[in-house]
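Working notes for the structure below.
Chains as they are written, first to last, in our numbering: chain A, 1 to 325; chain B, 1001 to 1090.
Pasting the structure below:
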């Protein structure tokens, strides 16, 4: 599964490989060059390697291009494997009657957690107009090589956009360096480094890109006193367990606390219009830390008002970004 | 040849990567340094994808085939391979 958020994660369909290997220029060749230069994380499976090998060594191709011997193709595939992440077990999660040849590519993208499947095949591209598919696999975008290259360029610009925002936000001197690491979906960590090389500030935060709009929220951890730290640690463990269980069960909303839970942190939840207002005044810093933790995991906290059947509660809701990577 | 004593410090290795590294070393024997030296040498002395593909791309260019003709050839080859696999499965 995917663990590298510093690069776009991608699956190429068979034709992208074939077009990419055969031409020096063109979008498919440019996509392959990104793999060669370690600029994107390419996922492969044994089934896909077998298909590419099988097609490239067809006699009708070998007649046209005699260099396509078994040994040559094997050497190429070994070089490709060195640049890729192999997913050993790809379950069949999606069946595609319209073109079963595409199934291994869709299922690899799903199993690997890749954000992009690159193809020029309309059978695959049309899945983006299939509401059921998009709801079932909201994190996967299928696009053609040109669109993927455009997305890659936008992605490359994100650290600079974040750095520019932080420079304004903190009014940083020009000789202060800002090192940005993308740590998760829509998440970053920034090190603000002084001219003499010492770290002036470490900032975690979230960002969202939607069209031309770039929204960024630095999350500064408040300093907690000993009493607050004890409360934070206890509740953090509880929230983390609940998030993990909820995520494993595929829940979009996860119950974190309801009326009566964690009395050391919350006042009676139902009495107040928002979450911060439900937190005991001396514990607001604790809530900020917990809220930041949720955002770092891609969640936002929402309040459920009390009803006849349910008490007031705080839920974690997975926030979605229109710019996935 | 004199033994090199250059040292490289690498930061940003995640716990997961370290775990996978140690697991691989456990299977293959040796230690971290030996394994990473081997990986570096193997990678740096292997041709790049572009270098490997250069002669194929040259043959394609010399064939004079247009992009559309090439796509058609690949599509036919892919379909042929698929039908053959389906035939074997039946």
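All C-beta atoms in this analysis are idealised placements derived from N, C-alpha and C, irrespective of residue type, glycine included.
Every value quoted in this text rests on a predicted model; they were computed, and no experiment measured them.
Kindly indicate the opening and closing residues of the beta strand (DSSP E) around residue i.
{"i": "residue 169 of chain A", "result": "Run containing residue 169 of chain A: none in the beta strand (DSSP E); it sits in the alpha helix (DSSP H), 145-169."}
{"i": "residue 209 of chain A", "result": "199-210"}
{"i": "residue 218 of chain A", "result": "213-219"}
{"i": "residue 299 of chain A", "result": "299-304"}
{"i": "residue 289 of chain A", "result": "No beta strand (DSSP E) contains residue 289 of chain A, which is instead part of the alpha helix (DSSP H) from 284-296."}
{"i": "residue 116 of chain A", "result": "116-118"}
{"i": "residue 184 of chain A", "result": "177-184"}
{"i": "residue 1018 of chain B", "result": "First-last for residue 1018 of chain B: 1015-1028, but that is the alpha helix (DSSP H), not the beta strand (DSSP E)."}
Report the residue from the options whose alpha carbon sits nearest the alpha carbon of residue i.
{"i": "residue 79 of chain A", "options": "B:1010, B:1051, B:1088 and B:1009", "result": "B:1051"}
{"i": "residue 251 of chain A", "options": "A:207, A:292 and A:316", "result": "A:316"}
{"i": "residue 6 of chain A", "options": "B:1083, B:1009 and B:1013", "result": "B:1013"}
{"i": "residue 298 of chain A", "options": "A:22, A:207 and A:113", "result": "A:207"}
{"i": "residue 145 of chain A", "options": "A:32, A:313, A:307 and A:291", "result": "A:32"}
{"i": "residue 35 of chain A", "options": "B:1027, B:1042, B:1048 and B:1072", "result": "B:1048"}
{"i": "residue 209 of chain A", "options": "A:154, A:233, A:19 and A:47", "result": "A:154"}
{"i": "residue 278 of chain A", "options": "A:92, A:303 and A:255", "result": "A:303"}
{"i": "residue 261 of chain A", "options": "A:214, A:309, A:313 and A:216", "result": "A:313"}
{"i": "residue 198 of chain A", "options": "A:10, A:94, A:176 and A:97", "result": "A:176"}
{"i": "residue 116 of chain A", "options": "A:101, A:147 and A:92", "result": "A:147"}
{"i": "residue 22 of chain A", "options": "B:1046, B:1038, B:1063 and B:1076", "result": "B:1063"}
Between residue i and chain B, is there a C-beta pair that is closer than 8 Å?
{"i": "residue 273 of chain A", "result": "Interpretation of residue 273 of chain A is limited by its pLDDT of 47, a score under 50 that renders its predicted location unreliable; the figure taken from the coordinates is listed afterwards. False, the Cβ-Cβ gap to chain B never drops below 8 Å."}
{"i": "residue 67 of chain A", "result": "yes"}
{"i": "residue 95 of chain A", "result": "no"}
{"i": "residue 36 of chain A", "result": "yes"}
{"i": "residue 31 of chain A", "result": "no"}
{"i": "residue 15 of chain A", "result": "yes"}
{"i": "residue 117 of chain A", "result": "no"}
{"i": "residue 148 of chain A", "result": "no"}
{"i": "residue 98 of chain A", "result": "no"}
{"i": "residue 240 of chain A", "result": "no"}
{"i": "residue 188 of chain A", "result": "no"}
{"i": "residue 43 of chain A", "result": "no"}
{"i": "residue 325 of chain A", "result": "Low confidence applies to residue 325 of chain A: its pLDDT is 36, below 50, so where it sits in the model is not reliable, and the reading given next is rough at best. With 8 Å as the cut-off, residue 325 of chain A does not count as an interface residue toward chain B."}
{"i": "residue 75 of chain A", "result": "yes"}
{"i": "residue 51 of chain A", "result": "yes"}
{"i": "residue 206 of chain A", "result": "no"}
{"i": "residue 23 of chain A", "result": "yes"}
{"i": "residue 300 of chain A", "result": "no"}
{"i": "residue 193 of chain A", "result": "no"}
Is any beta-carbon of chain A found at less than 8 Å from that of residue i?
{"i": "residue 1082 of chain B", "result": "yes"}
{"i": "residue 981 of chain B", "result": "One cannot answer for residue 981 of chain B here, as it falls past the ends of chain B, which runs 1001 to 1090."}
{"i": "residue 1009 of chain B", "result": "no"}
{"i": "residue 1027 of chain B", "result": "no"}
{"i": "residue 1076 of chain B", "result": "yes"}
{"i": "residue 1053 of chain B", "result": "yes"}
{"i": "residue 1037 of chain B", "result": "no"}
{"i": "residue 1063 of chain B", "result": "yes"}
{"i": "residue 1089 of chain B", "result": "no"}
{"i": "residue 1056 of chain B", "result": "yes"}
{"i": "residue 1072 of chain B", "result": "no"}
{"i": "residue 1050 of chain B", "result": "yes"}
{"i": "residue 1031 of chain B", "result": "no"}
{"i": "residue 1022 of chain B", "result": "no"}
Return the first residue and the last residue of the alpha helix (DSSP H) that residue i is part of.
{"i": "residue 78 of chain A", "result": "70-82"}
{"i": "residue 189 of chain A", "result": "Run containing residue 189 of chain A: none in the alpha helix (DSSP H); it sits in the beta strand (DSSP E), 187-193."}
{"i": "residue 1056 of chain B", "result": "1049-1063"}
{"i": "residue 317 of chain A", "result": "Segment 313-318 is the beta strand (DSSP E) holding residue 317 of chain A; no alpha helix (DSSP H) there."}
Below 8 Å on the Cβ atoms is my contact criterion, and I expect residue i with residue j to pass it. Report the Cβ-Cβ distance as a whole number of Å.
{"i": "residue 334 of chain A", "j": "residue 54 of chain A", "result": "Examination of residue 334 of chain A is not possible in this model, given that chain A is present from 1 through 325 alone."}
{"i": "residue 90 of chain A", "j": "residue 108 of chain A", "result": "5 Å"}
{"i": "residue 384 of chain A", "j": "residue 204 of chain A", "result": "No answer is possible for residue 384 of chain A: it lies beyond the span of chain A, which begins at 1 and ends at 325."}
{"i": "residue 180 of chain A", "j": "residue 159 of chain A", "result": "4 Å"}
{"i": "residue 283 of chain A", "j": "residue 265 of chain A", "result": "5 Å"}
{"i": "residue 231 of chain A", "j": "residue 174 of chain A", "result": "Actually they are not in contact, since the Cβ atoms of residue 231 of chain A and residue 174 of chain A sit about 41 Å apart, beyond 8 Å."}
Would you check if there are 3 or more beta carbon pairs closer than 8 Å linking the segment 60-79 of chain A to the segment 1047-1062 of chain B?
-> yes
contact_flag[the segment 81-89 of chain A, the segment 33-43 of chain A] where n(CB pairs < 8 Å) is 3 or more | yes
Per the contact definition of three or more C-beta pairs closer than 8 Å, is the segment 187-202 of chain A in contact with the segment 234-247 of chain A?
-> no
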